[in-house]
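Participant:
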Amino acid sequence: MTRTRSLWLSLALALAAQPLAAAEHNWRFFTYVSPTDFHAKMNKAFAEDITRASGGRLEIAHFGAGELPYKAGDIIKAVATNQIQMGQVGAGLAAGDAPEIDVFSLPFLCTSYPQFAAAAKAMGDVPDQVLTRKFGVRVVMNWPIPGQNIWTTAKLERIADLKGKKIRTWNPLQVDMLQQIGANPVSLDPAEVVPALQRKVVDGAITSALSANDWKAYDIVKFGLTLNFTMAHQITLANAEALKKLPADLQKLIADKSAEWAPRYFEASEAADRAALDTMRGKGVTITVPPADEVTAMKASLRPMWAKWSEKNGPVAADLLARVSAACR
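First residue of the sequence shown? That's 11 in this note's numbering, and the numbers climb one at a time after it.
#1: For N36, count the other beta carbons within 10 Å of its own beta carbon; 16 or more makes it buried, fewer makes it exposed. Which is it?
#2: Does L253 come out as helix, strand or coil in the three-state DSSP assignment?
#3: Around the C-beta of T179, are 16 or more other C-beta atoms found within 10 angstroms, so that it is buried, or is it exposed?
#4: Distance, Cα to Cα, P195 vs L103?
#5: Identify which residue in E251, N223, I216, T246 has its Cα closest to the Cα of L235.
#6: Can you check which of these residues, F145, V203, V212, V334, is closest to K175 by C-alpha distance?
#7: Do the region 115-124 and the region 59-68 meet, that is, are 3 or more Cβ pairs less than 8 Å apart?
#8: What does DSSP give as the partner residue(s) for M151 in the beta ladder?
#9: When DSSP labels each residue in this structure, what does F73 get in the three-state scheme?
#10: By the three-class DSSP mapping on this structure, what secondary structure does S268 have?
#11: Just mark T162 as buried or exposed, buried being the case when its beta carbon has 16 or more other beta carbons within 10 Å.
#12: Give me the Cα-Cα distance between I85 and T298, rounded to the nearest whole angstrom.
#13: With DSSP as the reference, identify every bridge partner of V99, one or two as the case may be.
#14: Along the alpha helix (DSSP H) that carries L235, what are the first and last residues, could you check?
#15: Could you tell me how far apart the beta carbons of L253 and R148 are, in whole angstroms, since I believe they sit closer than 8 Å?
#16: Could you tell me how far apart the beta carbons of D199 and A82 are, in whole angstroms, since I believe they sit closer than 8 Å?
#17: Considering K176, what are the terminal residues of the beta strand (DSSP E) in which it resides?
#18: Tell me T195's beta-bridge partners as DSSP assigns them.
#19: What residue does the alpha helix (DSSP H) around T61 start on, and which one ends it?
#20: Where DSSP assigns a beta bridge to W37, which residues make up the other side?
#21: Since I believe A129 is in contact with A337 (beta carbons under 8 Å), could you give me their beta-carbon distance rounded to a whole number of angstroms?
#22: Could you tell me whether the Cβ atoms of T240 and P117 are closer together than 8 Å?
#23: Determine the burial state of R38: buried for a count of at least 16 other Cβ atoms within 10 Å of its Cβ, exposed for fewer.
#24: T298 bridges to which residues according to DSSP?
#25: Residues in the same chain with beta-carbon distance under 6 Å from A328, minus the five sequence neighbours each way, listed in chain order, please.
#26: Look at the Cβ atom of D303, then the Cβ atom of A219, and state whether they are nearer than 8 Å.
#27: Excluding five sequence neighbours on each side, which residues of the same chain lie with their C-beta closer than 6 Å to the C-beta of K309?
#28: Start and end of the alpha helix (DSSP H) containing W316?
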């Protein structure tokens, strides 16, 4: 080896041994489900992409349930107080803090990915304006979790079979819906669902096939009633002050990456839901579509909930209902 080459090799090895420069900005991003669940995997990849694209100047470390001491209902306040700089929250799970933006939880209002995409565009910046005013948090992205269905340990063939059953819910509108059809709602955080099913605290749960599969609920529930009565509105949030303190180019990077990733979330969610349904069937879960006349009757009986929700939650809710119902028509 020549002396010059030896010197270059020594220099390269010395540079490689140097620690990387610390990030200029360090953020924490929390997802309310297990790190192995779909939501968390998508959010981790999103965070890592921003970190790479920033050249390491903005490092976003992702955490799932159990890795930080928060539950789903804590996320808005945790982001607002800058305990975490980013978080994902379901609008239904945050309905206690901002009920006026939980329009997608209205049963049978918006039930498909194309409808959700059109409605998300139609609602514009309204959720961002509400959450910024109330809590000082910004909406980075809106995206859907698949259609919500009902999974039970007892045999289900008809909507009428739900009467008297204890069913897990995760937002107030689901509570109202179940009460109207004669079931008994039990509100549970996502992490509490499987233990509650195991202990027979509940007979079943409202969630998507995607989440049921992620939780391996097929080991307990053996029946699914396909209603697809709502798409679950997920919101990616950032602390407004933390965002404002970033250099302009990093603020733009987050906006650009959010616009780039939003359609990826839609596509991945839809594909994962199809795969989850196949897995649930393969694991012995009987998935039933209820009789059409029952579904029609259920839709008609629940339709007054739309106006009731709008009147209860004021002009913002009324505006969102008008926008979303027109887009989902």
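We put the CB at the ideal spot given by N, CA and C, even for glycine. Every value quoted in this text rests on a predicted model; they were computed, and no experiment measured them.
Facilitator: In terms of the structure at hand:
#1: exposed
#2: helix
#3: The C-beta of T179 has 16 or more other C-beta atoms within 10 Å across all chains shown, which makes the residue buried.
#4: Between P195 and L103, the C-alpha separation is close to 15 Å.
#5: The shortest CA-to-CA distance from L235 to any of E251, N223, I216, T246 is the one to I216.
#6: Minimum Cα distance to K175 is reached at V212.
#7: no
#8: T246
#9: strand
#10: helix
#11: buried
#12: 35 Å
#13: Answer by DSSP bridge pairing, in chain order: I245.
#14: Per DSSP, L235 belongs to no alpha helix (DSSP H); it is in the beta strand (DSSP E), 233-235.
#15: 6 Å
#16: 6 Å
#17: DSSP places K176 inside the beta strand (DSSP E), whose first and last residues are 176-179.
#18: The displayed chain sequence assigns Pro, not Thr, to residue 195. Note: P195 sits in a beta bridge opposite I177.
#19: From DSSP, the alpha helix (DSSP H) with T61 extends over 48-63.
#20: I70
#21: That pair is a contact at about 4 Å.
#22: For T240 and P117, yes; Cβs fall inside 8 Å.
#23: Flag for R38 reads buried.
#24: Answer by DSSP bridge pairing, in chain order: L235.
#25: S320
#26: Result no, Cβ atoms of D303 and A219 do not sit closer than 8 Å.
#27: The answer, listed in chain order, is F118.
#28: 314-338
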